[in-house]
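Colleague: Before I ask anything, let me first share the structure, which is written out below as structure tokens.
Numbering (our numbering), first residue to last: 20 to 144.
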């Protein structure tokens, strides 16, 4: 599950987040906007209980210049029912950035840190 998601032009994610038209998801799309609403007490989570790895996507729609994104800040659920996350909903095992339908970069899970919530994912380029 995702508590908050933001996209940045700075590789360090220290600038003001870029704002987009809307966020969509492959499941539970009616709640996708909760992942980028600026509220750390609301969250999006997949409604798919039997999907394979990589089958769920949370995506930005209406991006004018996706190549301006150099950092993705992700605040994920931990499985403890805090920050608006449902009980048992946890963090992703991996994240892939797609720009204009092309895979740009994939970040693997960080070994030994299964409870990490805040991540700054640098987009190479």
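Even glycine gets a Cβ: it sits at the ideal position worked out from N, Cα and C.
(1) Apart from the five residues on each side of it in sequence, which residues of its chain come closer than 8 Å, Cβ to Cβ, to residue 122?
(2) By DSSP, does residue 48 sit in helix, in strand, or in coil?
(3) Going by other Cβ atoms of all chains shown within 10 Å of its Cβ, with 16 needed for buried, is residue 111 buried or exposed?
(4) Buried or exposed: residue 67, going by 16 or more other Cβ atoms within 10 Å of its Cβ?
(5) In terms of alpha-carbon separation, which member of 21, 35, 22 lies closest to residue 89?
(6) Determine, using beta carbons only, whether residue 91 and residue 53 come nearer to each other than 7 Å.
(7) For residue 100, which of 62, 38, 71, 126 has the nearest alpha-carbon?
(8) Only counting the same chain, and skipping five residues up and downstream in sequence, which positions put a Cβ closer than 8 Å to that of residue 70?
(9) So what's residue 56 in DSSP terms, helix, strand or just coil?
(10) Across which residues does DSSP place residue 79 in a beta bridge pair?
(11) Applying the criterion that 16 or more other CB atoms from any shown protein chain within 10 Å of the CB defines a buried residue, is residue 25 buried or exposed?
(12) Run through DSSP, which three-state label would residue 86 get?
(13) How far does the beta strand (DSSP E) with residue 24 in it extend, from its first residue to its last?
Modeller: With the structure as the only source:
(1) One-based indexing of the chain shown puts residue 122 at position 103. Short of 8 Å from the beta carbon of residue 122, and not among the five residues preceding or following it, lie these beta carbons of its own chain, in chain order: 115, 116.
(2) Here residue 48 refers to the residue found at position 29 of the chain shown. In the three-state DSSP reduction, residue 48 falls in the helix class (H, G or I).
(3) The residue labelled residue 111 in the question sits at position 92 within the chain shown. That one is buried.
(4) For the purposes of this step, residue 67 is identified with residue 48 of the chain shown, where counting begins at 1. By the 10 Å Cβ count, residue 67 comes out exposed.
(5) Counting from 1 along the chain shown, the entry for residue 89 is found at position 70. Ranking 21, 35, 22 by Cα distance to residue 89 puts 35 first.
(6) If you number the chain shown from 1, residue 91 lands on position 72. If you number the chain shown from 1, residue 53 lands on position 34. No, these two residues do not count as a Cβ contact at 7 Å.
(7) As a position in the chain shown, residue 100 is number 81, starting the count at 1. Checked all of 62, 38, 71, 126; the closest Cα to residue 100 is 62.
(8) Working through the chain shown from its first residue, we reach residue 70 at position 51. Only 46 meet the Cβ criterion.
(9) Looking up residue 56 in the chain shown gives position 37. The DSSP-derived three-state label of residue 56 is coil.
(10) By 1-based counting over the chain shown, the position of residue 79 is 60. In the DSSP output, where bridge partners are listed per residue, residue 79 has 42.
(11) The residue you call residue 25 lines up with position 6 of the chain shown. When all chains shown are included, residue 25 counts as buried.
(12) One-based indexing of the chain shown puts residue 86 at position 67. Helix at residue 86.
(13) For the purposes of this step, residue 24 is identified with residue 5 of the chain shown, where counting begins at 1. For residue 24, the uninterrupted beta strand (DSSP E) run begins and ends at 21–27, by DSSP.
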